[in-house]
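Colleague:
Chains as they are written, first to last, in this note's numbering: chain A, 156 to 410; chain B, 209 to 496.
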């Protein structure tokens, strides 16, 4: 990573860890993971599944919230506060600025996810139900956070935080519902309409590639092929989104 | 302007007012919740749509949604003050919870237990367990539970034996399932298969208790099977010759039996030529 991107990334990371939202989310996440223990006592049967489901869902929800809530303001807030002018007056390419912001938040998410995972595994080890297979689900969730962060930063480059938040969350929802296009296509008679559905399926982010929570909790294997596909998909789609973000930010008028 | 005019506004009255209002709201809410609890019929979760639709709305969180609904169902169905609580029982377990997470075994077991023990609907329980067996093919507890419902509640022993056979295909099956399986054949009127299964348990088990139990069944079943074999042979002898055999050996001489069976102790079966009936000289262990 070029030095300028690294410098912006580290600065973004320092800025993020001073953000109270991050701590609020982290405290809620840790508290919820511990709550799983209490909730599991109400069940009849195995507590294990409930603790694992709660832990993974908490990491998922709070990781996504961190990606969205911090990602949407990364660029637009700099523009609003006019701090971006100070940076861009220096010999920094606009694309380096966007990528630095992105990798700074990626570093924040890495620390955030590591803290939640450590809490989660601490609880599992204490209960004697630790399972290395869960790590695969958490790795895939982290990849999902990276993709959502890329989307958040794309929207942050083109609009204000509220619009960015709505658009990112909308794509998150759509990303988990892409399979419904198959149902729609089965009902459509027009070949053109079916082709349009196929285009939507290809263009919109498919987040189901990163969701194996149910699988790992039931002890079902996650193949190396599935993991590799998720990494490859993120590399392709995430890079495309970041390039788009850089292109938009390069053409953006600063007033 | 005096210094007092610049004094910061006092926050204590505002905080006290806020605290008072929050307490009042909390008490009102708790009172309303208690009133709702007293009227146990208010159960909005009963009217959930099918799990197929919920799965779509869950955005990948369907396993935890299944957990939450399962926990709710335990609280709801254990509330004996709700008289009509079984109205949506099958919908909640079969169409919602197990649709959201078809590999979650506990709701199948608990749902089936409520359906049989509480709602007295064993066929409903079997429908739920059949779905569980379909989605969890390597699991033995679900077909075992289905077999037990057939045995204990429906008294359909042949159907029970078929479920126990499915359970026995799992390598992790509990050894007791073999004993249930063996006994079901006997209760279904097939003592020969039951004898074969009990004999296999007796030959292969390392547990002295299990071997003793198995031997007791083998003993009595062998007597039952042998007496039935002799009775049929005597009947055919009478039909062919127009008289009863003088001795049991006449059955072998007539080609109706290859050899006379020995009783479990190795002795010969008794025969009453006047009545044409074979009998066991000893006593049956299980008394049947």
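Every residue gets a Cβ at the ideal spot worked out from N, C-alpha and C, and that includes glycine.
Out of curiosity, what's the CA-to-CA distance linking residue 236 of chain A and residue 229 of chain A?
Modeller: Straight-line Cα distance between these residues: approximately 11 Å.
Colleague: Give the range of the beta strand (DSSP E) segment to which residue 485 of chain B is assigned.
Modeller: Where residue 485 of chain B is concerned, the enclosing beta strand (DSSP E) stretches over 485-487.
Colleague: List the residues of chain B that residue 331 of chain A touches, going by C-beta distances under 7 Å, in chain order.
Modeller: Those are 267 and 268, listed as they occur along chain B.
Colleague: Indicate the three-state DSSP secondary structure (helix, strand or coil) for residue 414 of chain B in the structure shown.
Modeller: Coil.
Colleague: May I ask which residues mark the beginning and end of the alpha helix (DSSP H) holding residue 471 of chain B?
Modeller: Note, residue 471 of chain B: premise wrong, no alpha helix (DSSP H); not H, not E.
Colleague: Are the C-beta atoms of residue 198 of chain A and some chain B residue less than 8 Å apart?
Modeller: It does: the Cβ of residue 198 of chain A has a partner Cβ on chain B nearer than 8 Å.
Colleague: Got a sec: is the Cβ-Cβ distance from residue 347 of chain B to anything in chain A below 8 Å?
Modeller: So, not an interface residue.
Colleague: Residue 381 of chain A by DSSP, collapsed to three states: which one?
Modeller: Residue 381 of chain A falls in the helix class under three-state DSSP.
Colleague: Rounded C-beta distance between residue 389 of chain B and residue 405 of chain B? I'm assuming under 8 Å.
Modeller: Rounded, the Cβ-Cβ distance is 6 Å, consistent with contact.
Colleague: Grouping DSSP H, G and I as helix and E and B as strand, with all else coil, what is residue 454 of chain B?
Modeller: The answer is coil: DSSP assigns residue 454 of chain B none of H, G, I, E or B.
Colleague: Quick one: grab the DSSP three-state call for residue 193 of chain A.
Modeller: Helix, per DSSP.
Colleague: Any beta carbon from chain A within less than 8 Å of residue 271 of chain B's own beta carbon?
Modeller: So, interface residue.
Colleague: Closest to residue 402 of chain A by C-alpha separation, out of A:355, A:251, A:304 and A:344, would be which residue?
Modeller: Closest by alpha carbon: A:251.
Colleague: From the DSSP output, in three-state form, read off residue 294 of chain B for me.
Modeller: Correct three-state label for residue 294 of chain B: coil.
Colleague: Please confirm whether residue 446 of chain B has its beta-carbon closer than 8 Å to some beta-carbon of chain A.
Modeller: No, its Cβ sits nowhere closer than 8 Å to a Cβ of chain A.
Colleague: Closer than 8 Å, CB to CB, is residue 373 of chain A near chain B or not?
Modeller: Residue 373 of chain A counts as touching chain B.
Colleague: Suppose the cutoff is 8 Å on Cβ atoms and the five residues either side in sequence are ignored; what does the same chain contact list for residue 481 of chain B look like?
Modeller: Cβ within range, chain order: 452, 453, 454 and 455.
Colleague: Would the beta-carbon of residue 274 of chain B fall within 8 Å of that of residue 301 of chain B?
Modeller: Going by C-beta atoms, residue 274 of chain B is not nearer than 8 Å to residue 301 of chain B.
Colleague: What's the C-alpha gap between residue 344 of chain B and residue 310 of chain B?
Modeller: Near 8 Å, if we compare the C-alpha coordinates of residue 310 of chain B and residue 344 of chain B.
Colleague: Please confirm if residue 256 of chain A has its CB atom under 8 Å from at least one CB of chain B.
Modeller: No - not a single Cβ of chain B is within 8 Å of the one on residue 256 of chain A.
Colleague: Let me check understanding here. Comparing Cα to Cα, which of B:440, B:461 and B:473 lies closest to residue 486 of chain B?
Modeller: Residue B:440 is the option with its Cα nearest to residue 486 of chain B.
Colleague: Let me see if you follow: with CB-CB separation under 8 Å, is residue 212 of chain A close to chain B or not?
Modeller: It does; some Cβ of chain B falls within 8 Å.
Colleague: Between which residues of its own chain and residue 340 of chain A is the CB-CB distance below 6 Å, once the five residues before and five after are set aside?
Modeller: Answer for residue 340 of chain A: 349 and 352, listed in chain order.
Colleague: Suppose contacts are defined by Cβ-Cβ distances below 8 Å. Is residue 300 of chain A in contact with residue 264 of chain A by that definition?
Modeller: Yes, they are a contact pair.
Colleague: For a cutoff of 8 Å on Cβ pairs, would you count residue 312 of chain B as touching chain A?
Modeller: Judged by the 8 Å Cβ criterion, residue 312 of chain B is in contact with chain A.
Colleague: Beta carbon of residue 474 of chain B: closer than 7 Å to some heavy atom of the ligand ADP?
Modeller: Of the ligands one can find in the structure shown there are none, so the ligand ADP has no counterpart to examine.
Colleague: To which residues of the same chain is residue 289 of chain A closer than 6 Å at the C-beta, ignoring the five residues directly before and after it?
Modeller: Taken in chain order, the residues that qualify are 371.
Colleague: Select from A:325, A:367 and A:304 the residue whose C-alpha is nearest the C-alpha of residue 400 of chain A.
Modeller: When only C-alpha atoms are compared, the closest one is A:304.
Colleague: Given a threshold of 16 other Cβ atoms within 10 Å of its Cβ, counted over all protein chains shown, does residue 358 of chain B qualify as buried or as exposed?
Modeller: It counts as buried.
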